[in-house]
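The opening position of the sequence shown corresponds to residue 1300 in our numbering, with each subsequent residue numbered one higher.
Ideal placement from N, C-alpha and C gives every residue a C-beta, glycine not left out.
Inspection log for the structure reproduced underneath, given as structure tokens.
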Amino acid sequence: MYEATWVGLTLMVTTLLAFLWYAVVVRAIWRSIPESSSFILLISQSLADMGVLAHSFWVGAEIAAGFLFLPWMNARMHSFIYNSAMLPMQAHYVLMAVNRWSATAMPYRYTKHWTRRRCVFAALATWILAIVISIGIHLADPSDDVYYTHVPEEYAFMARNYTLFEQSILFPIWEWLDYSELLVPLTIYAITIAFSLYRKIAGSDGMNVNLQIEVRLTILCIVNFSPYAAMIIGSLKIPFEGKMGQFARNLLVIGTSSVNGILLPCFSSLIRKQIFSNKHNEVASIQP
């Protein structure tokens, strides 16, 4: 029981600090939208990240306490809530990769293609599609679920007794989702980097302020995608089994869903300025 307490408290404290800081960063992103519509997509992605963090905090609290706080928050409901945040977070990696390719390959037509209205539509479509997939998978197996929360014997998301349906249908679907959301962004980012190198070798004209912002956002998105890619690739070699394995996996999930809140202020002086400034009219004069 003592072990479960410190594991739960570790997850709670780590998640709470990441969530609170992320909230500050999201406020800065919101104030930066006039500079680029890309920040609308970043806010959407950040909300998905914060959803995963909020659920991780809840699970950590239940692990520390040793019981479920709400009777209806059973294993199946926990899994559904988790996946309804995790799947949009994963889907946003694909959306951001497409957005960054467009900004790099067609920089002077980017503002026409990615207006604020279209960015809002793309973000909403990503959320809706991911949640529909989550609902569909959960409804497909009424007797059980792929993952569940077992407190306090196991630390979150251990596989239950697999049914034939899960082994033959659900598991391949989950693997396909994981690998497609890994390989598609990797391919798009590779093409994006190739475009960037080509433009540099071709001696394109100097970048204006808005284009500099887009280039830095592209670098940020690539770095932000790296922990998730490492987690998926690492899962091929590391099964994350047992209590400590699941504890490590939870920490990786927290790190993956909070890294964007750290990278944004590091890569963008625009975001840094908004975090430490109280004036709304300073945005236009800020260099990225």
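With distance defined between alpha-carbon atoms, name the residue in Tyr1488, Met1543, Ile1521 and Phe1575 nearest to Val1558.
Ile1521
Among Ile1532, Ala1303 and Ser1336, which has the Cα closest to the Cα of Leu1516?
Ser1336
Determine the DSSP secondary structure at Pro1406, reduced to helix, strand or coil.
coil
I need the straight-line Cα distance from Leu1634 to Ala1303, nearest angstrom please.
Residue 1634 lies beyond the residue range present for the chain, which begins at 1300 and ends at 1587; the question has no answer from this structure.
Counting Cβ pairs, one atom from each stretch, are 3 or more of them under 8 Å apart for the stretch 1312-1322 and the stretch 1388-1399?
no
Could you tell me the boundaries of the alpha helix (DSSP H) in which Gly1350 lies?
Ser1337 to Ala1364
Comparing alpha-carbon positions, which option in Leu1569, Glu1334 and Ile1362 lies nearest Trp1413?
Glu1334
Does the distance from the C-beta atom of Thr1425 to that of Ser1343 stay below 9 Å?
yes
Given Ser1345, which residues of its chain have a CB within under 6 Å of its CB, disregarding the five upstream and five downstream residues?
Val1325
I need the straight-line Cα distance from Met1457 to Gln1545, nearest angstrom please.
Residue placement at Met1457 is flagged as unreliable, the pLDDT there being 46, under the threshold of 50; the coordinate-derived value follows with that caveat. About 7 Å.
Would you mind sorting Ile1328 into buried or exposed? The rule is 16 or more other CB atoms within 10 Å of its CB.
buried
Identify whether Leu1315 lies in helix, strand or coil by the three-state DSSP scheme.
helix
Go ahead and label Lys1572 buried or exposed: buried means 16 or more other beta carbons lie within 10 angstroms of its beta carbon, across all protein chains shown.
buried
Using the Cβ count rule (16 or more neighbours within 10 Å means buried), how would you classify Arg1548?
buried
Taking C-alpha atoms, which residue in Ala1404, Ser1567 and Pro1387 lies nearest to Val1431?
Pro1387
Meets three-Cβ-pair contact criterion under 8 Å: the stretch 1433-1440 and the stretch 1350-1364:
no
Span separating the alpha-carbon of Arg1459 from that of Arg1375:
With a pLDDT of 49 at Arg1459, under the threshold of 50, the modelled position of that residue is not reliable, and the figure given next carries that caveat. Between Arg1459 and Arg1375, the C-alpha separation is close to 11 Å.
Buried or exposed for Gly1365, going by 16 or more other Cβ atoms inside 10 Å?
exposed
Inter-residue Cα distance where the pair is Phe1420 and Ile1332
15 Å
Endpoints, alpha helix (DSSP H) assigned at Thr1268:
The first residue shown for the chain is 1300 and the last is 1587, placing residue 1268 beyond what the model contains.
Within 9 Å, strictly: CB atoms of Tyr1301 and Tyr1392:
no
Within 10 angstroms of the Cβ of Ala1384, are there 16 or more other Cβ atoms? Answer buried if so, exposed if not.
buried
Return the first residue and the last residue of the alpha helix (DSSP H) that Glu1568 is part of.
In the sequence as displayed, the identity of residue 1568 is Ser instead of Glu. From DSSP, the alpha helix (DSSP H) with Ser1568 extends over Ser1568 to Phe1575.
What number of angstroms, rounded off, separates the C-alpha of Met1405 from the C-alpha of Thr1491?
11 Å
Can you name, in chain order, every residue of its own chain whose Cβ lies under 7 Å from the Cβ of Ser1401, other than the five neighbours on each side?
Tyr1409, His1412 and Trp1413
Restricting to Cα atoms, I'd like to know which of Ile1553, Met1543, Asn1523 and Ile1531 is closest to Cys1565.
Asn1523
Can you tell me whether Met1311 is buried or exposed, with buried defined as 16 or more other CB within 10 angstroms of its CB?
buried
Please tell me whether Ile1362 and Gly1307 are closer than 9 Å, where the distance is taken between their beta carbons.
yes
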